Structures are given as structure tokens and as C-alpha cells.
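As C-alpha cells, the structure follows; a few thoughts come after it.
And the structure:
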């Protein structure tokens, strides 16, 4: 993963993907996930729905931990929950961590970057 470069999140069984980039040190345990479309940060609010919001440095709801679970495959964590994609609504939610494929994200190389 290159810092500050775009990555694609390939959602299993879904025809769409999102482009985002990570900010912060590669060695940081938590990162901000920025949308390349609107330059906002993925944020977990009071409910379970995730939204892109204006960045607030070091705000806990905007710091996402990436856990490597397989080759180029990650789970995104915040507090005691995991990010889950719902293909019916095309939205992200904060849910109890499980082995659901909708909580697994494949980081896809973009151009000349390395993962």
C-alpha cells in the first residue's frame, strides 16, 4: 500500500467498486479512508451507517484499522465493529464482526503502485 495513493475496494459479488486512498504512515495501526470522489473521510456515526464526512484529525469515528486476513484481503475495523458492505442498498455499515464475505475487502493495485 502506498501512502496517499488511490486503491479500489473490490466488494465480493458486487458489480461496483469504490476508489479511496489511505492517509498516515504505513505502520500506523489505524488510518483515515478518503474517498477519491468527494475528498471526504469514511466516518462511523451514532448509528451503524457509514458516511463520508469532512475530516476531523484523530477523531475515533474516522480512524479505521486494517486487518490483513489473506492475500491482499482486509477487514476494516473501528472500535469493536467491522465495516460491512450491503449490496442491496449499496452502502457501508458498522456491524458485529463475522466471517461474512461482505466484511472482506480486496485491495486492488492501481497503475504502478505496490500493495
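In the UniProt record's numbering, the protein residues as written are 1 to 115. Yeah, the Cβ is synthetic: ideal placement off N, Cα and C, and Gly gets one too. Please read these numbers as outputs of a predicted model, since none were measured by experiment.
| Query | Result |
| --- | --- |
| Within the continuous beta strand (DSSP E) that includes residue 31, where are the two ends? | 30–35 |
| Using only CA atoms, which one of 86, 55, 32 and 108 lies nearest to residue 102? | 86 |
| For residue 64, collect the residues of the same chain with a Cβ closer than 8 Å to its Cβ; drop the 5 residues on either side in sequence, then sort them by chain order. | 30, 31, 32, 33, 42, 76, 77, 78 and 83 |
| Where does residue 94 land, buried or exposed, given buried means 16+ other C-beta within 10 angstroms? | buried |
| Does residue 80 come out as helix, strand or coil in the three-state DSSP assignment? | coil |
| Hey, quick one: how far does the beta strand (DSSP E) through residue 89 stretch, first residue to last? | Run containing residue 89: none; DSSP gives neither H nor E here. |
| Could you work out which residue in 96, 104 and 57 is closest to residue 71 when comparing CA atoms only? | 104 |
| Going by alpha carbons, who is nearest to residue 107 out of 89, 67 and 37? | 67 |
| Taking the straight line between their C-alpha atoms, what separation do you get for residue 88 and residue 58? | 31 Å |
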